[in-house]
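Heads up, the thing below is written out as structure tokens.
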Amino acid sequence: MTATSATTGTTNAALQAWVDEVAALTTPDKVVWITGSDEEIQGLNDELVAAGTFVKLDESKKPNSYWAASDPSDVARVEDRTFIASEKEEDAGFTNNWMAPAELKGIMTDLYKGCMTGRTMYVIPFVMGHLNADQPMYGVEITDSAYVVVSMKIMARIGEPVLRAMEEQQASFVKCLHSVGYPLTDGKADVKWPCSDTKYIAHFPETREIWSYGSGYGGNALLGKKCYALRIASAMARDEMWMAEHMLILKLTSPTGSKHYIAGAFPSACGKTNLAMIDPTLEGWEAEMVGDDIAWMRFGKDGRLYAVNPEFGLFGVAPGTGENTNPNAMRTVEQGNSIFTNVALTDDGDVWWEGMTDEKPAHLTDWKGNDWTPESGVVSSHPNSRFCTPAKQCPMMADEYDEPNGVPIDAILFGGRRKTTVPLVYETRDWNHGVFVGATLSSETTAAAVGAVGVVRRDPMAMLPFIGYNAGDYVNHWLEIGKQADAAKLPKIYQVNWFRRDREDGSFLWPGFGDNARVLKWIIERLDGSGEGVDTPVGIVPAPGALDTTGLDMTEEQVAKALEVNAEEWATELGLIEEWLAKFGDKLPSQMSDELATLKANLEG
Ligand code: GTP
Ligand code: SPV
Ligand code: MN
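This is how it looks when you write it as structure tokens:
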């Protein structure tokens, strides 16, 4: 295909050449350069409605919003189909699937041949982070999915202004190629959610390229997010001494007006969006969101770590989001301009999911398109159903979100879902101890990725599925970051666990959500030097009475249970940690062996 069959083109020569090359390979009917204008996006939404992919929601309930149901096989990230194709296998490491780049490109080139037949090829220029950043982080996604285009419009800064800047700077960019893998050969009719049984989510870290095939689901298809902003960016960050992390960014203002910025790394579907949008139950505390999923952190001139949220939208887990748990998310999606995927549709043109309201609607269309009633005996919404909504619509978005240099981070939280063992909160002794706690972080698996749910696995820094290189080198990079600044300027590191259960009745020991502000308050008091803590073998936990439980319906004994460091549980944990660290082989930084020895001695002591 030549540039003349495109609706427009670009004076960025490298980009034009790549677009021509992909069009020649994938043979779309036409090429459309996405400008990002409202009219253009409206046109695509209308096309998606006509194709049956979208159902438009009632304007009076959710203005300018759409419901989509995916193919039931295409509902989450596919970790076993995700590849880090570095030149050397060792550079992908034991946590990643690896294939030689030439071999993988060979296989995928065959798949891409003619894969856009009968379709439109969209070219989406985008920037992760701010267009006026010191070093704007450009990408271009080529896709044959209109669903991807309208989702990218929400999730990233895209279109005309980005392309013009790329042209002025003749900027380099991350090449992101995506196809749903469903060519309409010989006039074959389209389906509501085209995808393929053959899926590849491929990353080429050395050449900064992403090739995705066969899935339309968020993390597999919106390539600016996990593929670029975490996997490729983590490799860039290693080379350039910064950090690309799976973290929320939260601003907290205390009743006396002191401001703190906290970053938190929790695995997928383990509470980042909820903490980023927290509605504190403590009088006088104000929370504002800076980011809910990804943080890029760089050292500022003052030697502190500054974090920016490179995204433009929120791609949040729907189930469990409701007035009682996350009112700020409800306020965000109510304004409309959103896409809801794999939730249930109400009879009056709105959406519903488990946990939105206590009372269940009498009738729904479930995510599989079936009639649903409270007696159906199945959930109405897929556990990984998602809302895709503009970040700026969140009523508690911090002004600092627009600050290209980001916010200085005071504390980093590592968290996960653990029924046992891990206390509600503890403080690490220093940066290296914090890195050890991050490197050995664990969580029960969730529906955010295809596979078993509820199985405890190690998830270093909540980045297991997102580290774009060798995990040993990644842990070492964290240690190197720690050497770049005075200890006093580095964030303090904490572990938290909102998900611990009562051993007797299996209920959550901690109410979570807005009450997590009580834990944040203790952390801030520790930063200010006023919070009281007691030493345990694993770290410092709040002293009895140090956690503000005013107005909380919990006995002292229950609080103690949530904070307990249980010797038996930790003996088991130590064995699991040792097994995990052994997998790093000679890539395990010696500091981690030292920390392990300290933990062992503390537990035995
Ligand atoms: P990704 O977008 O997949 O990276 O997930 P996330 O880390 O942003 O997770 P999210 O905040 O969407 O939470 C996932 C699920 O955990 C939701 O169903 C929440 O209701 C639930 N959850 C979040 N915070 C808490 C909490 O403090 N306590 C309990 N019990 N559940 C929580
Ligand atoms: C996650 O799985 O961690 C998500 C959703 O945030 S996705 O972007 O689809 O990966
Ligand atoms: Mn995530």
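Position 510 of the sequence shown, counting from 1, maps to 510 under the UniProt record's numbering, and the rest follow consecutively. Heads up, the beta-carbon is just placed ideally off N, CA and C, and yes, glycines get one too.
- Spanning the alpha carbons of L581 and I158 requires a straight line of approximately 41 Å.
- In this structure the segment 271-291 touches the segment 496-515; the number of beta carbon pairs closer than 8 Å is three or more.
- Under the Cβ criterion (8 Å, minimum of three pairs), the segment 158-174 counts as touching the segment 11-22.
- Between G214 and S234, the CB-CB gap reaches or exceeds 8 Å.
- Within the segment 338-384, the complete beta strand (DSSP E) segments of 3 residues or longer fall at 339-341 and 344-346, listed in chain order.
- Residues of the same chain with a CB within less than 6 Å of the CB of G320, apart from the 5 flanking positions on each side, are G355 in chain order.
- Taking the Cβ of D292 as the reference point, at least one heavy atom of the ligand GTP falls within a distance shorter than 7 Å.
- For L248, there is no enclosing alpha helix (DSSP H); the enclosing beta strand (DSSP E) has its first and last residue at M247 to T253.
- Secondary structure note for H433: its alpha helix (DSSP H) is the uninterrupted segment W431 to A439.
- Distances from the CA of M241 to each of W498, A487, K360 and H477 were compared; the closest alpha carbon is that of H477.
- Below 8 Å, too few C-beta pairs join the segment 435-450 and the segment 182-197 to call them touching: fewer than three.
- For V450, same chain residues with a beta-carbon under 8 Å away, outside a window of 5 residues either side, are V75, A76, R77, V78, E79 and D80 in chain order.
- Going by DSSP, L25 is part of the alpha helix (DSSP H) stretching over A13 to T26.
- One Cα belongs to V455, the other to V32, and the distance between them is close to 44 Å.
- Remark: C-beta atoms of G468 and F266 do not approach each other more closely than 8 Å.
- Residue state for A517 is assigned as helix, using DSSP reduced to three classes.
- F499 has no beta-bridge partner at all, per DSSP.
- Three or more Cβ pairs closer than 8 Å define a contact, and the segment 570-585 meets that threshold against the segment 593-600.
- Note on geometry: alpha-carbon atoms of I232 and M289 lie some 25 Å from one another.
- When the beta-carbon positions are compared, A318 and F387 come within less than 8 Å of each other.
- Residue pairing from DSSP places K56 in a beta bridge opposite Y66.
- Where V475 is concerned, the enclosing alpha helix (DSSP H) starts and stops at A471 to K483.
- Residue state for I409 is assigned as coil, using DSSP reduced to three classes.
- One thing to note: Y138 has its Cβ within 8 Å of the Cβ of V127.
- Secondary-structure assignment with DSSP links L305 through a beta bridge to F299.
- Contact between A85 and F204 holds, since their C-beta atoms are separated by about 5 Å, short of 8 Å.
- With respect to T143, Y122 sits close: the two C-beta atoms are nearer than 8 Å.
- Per DSSP, the unbroken alpha helix (DSSP H) holding M155 starts and ends at A146 to M155.
- Closest by C-alpha distance to K188, out of C115, A68 and L250, is C115.
- Per DSSP, the unbroken alpha helix (DSSP H) holding D239 starts and ends at A233 to E240.
- Out of K259, K301 and G291, the CA that lies nearest to the CA of G284 is found in K259.
- Assignment of beta-bridge partners to M121 by DSSP yields V31.
- Using a C-beta cut-off of 8 Å, the segment 301-310 makes no contact with the segment 25-39, since fewer than three inter-stretch Cβ pairs fall below that distance.
- V49 sits in a helix when the DSSP states are folded into three classes.
- The Cβ neighbour count for G303, taken over all protein chains shown within 10 Å, is under 16; the residue is labelled exposed.
- At least one heavy atom of the ligand SPV lies closer than 7 Å to the C-beta of R77.
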